[in-house]
Amino acid sequence: MISAVLMIPIGEELFFREYIQNNLQKKISAVVSILLASLLFASIHSPYMNLILESSKQDWHLFYLTIFGGIISGILYLKSKSIGPSIIFHMFWNIMVYIV
C-alpha cells in the first residue's frame with residue numbers, strides 16, 4: 012500500500028506529465044497532449060491479461076477511471092506549471108481507492 016500511495020504516483024506523474032505531456036505540448040496543443048498522455052496513462056492500467064487469456068470477464072472500469080484521473084492530473088500540471096499538484100492528486104486518488 013505504501014508503494015501504491017507514495018512511490019508509484021511519483022514515478023507515473025514524472026513520466027506521463029513531466030516527460031510525455033510536456034514534450035507533446037511543445038509539438039501539439041495542450042488539450043490534445045493532455046488527452047494523449049491520459050490515454051497512454053490509462054493503457055498501463057488496462058486489463059491486458061484478460062485480452063491475452065481471452066477471459067470472459069472484461070473489466071474496463073479501471074481503464075476509464077484512469078483516463079478521467081489522467082485528464083485531471085494533466086490539467087493540474089498545465090495550470091500549475093508544476094508536477095507537485097499532479098503527484099499530490101494522484102496520491103490522494105490512490106488513497107481513496109484503498110478506502111473505498
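So the sequence shown is residues 12 to 111, counted in the working numbering. For each residue, glycine too, the CB sits at the ideal point set by N, CA and C. Given the structure is predicted, the values throughout are model-derived calculations rather than measurements.
Do residue 102 and residue 17 come within 9 angstroms of each other at the CB atom, strictly closer than that value?
yes
Report, in whole angstroms, the separation of the C-beta atoms of residue 98 and residue 21, which I expect to be a contact under 8 angstroms.
6 angstroms
First and last residue of the uninterrupted alpha helix (DSSP H) at residue 44
41-54
Taking C-beta to C-beta, are residue 27 and residue 51 nearer than 9 angstroms?
yes
Determine the direct distance from the alpha carbon of residue 53 to that of residue 110, and round the result to whole angstroms.
21 angstroms
Am I right that residue 45 and residue 86 are in contact with their C-beta atoms under 8 angstroms? What's the rounded C-beta distance?
7 angstroms
DSSP three-state assignment for residue 112, whether helix, strand or coil:
The requested residue 112 is not part of the displayed model; the chain covers only 12 to 111.
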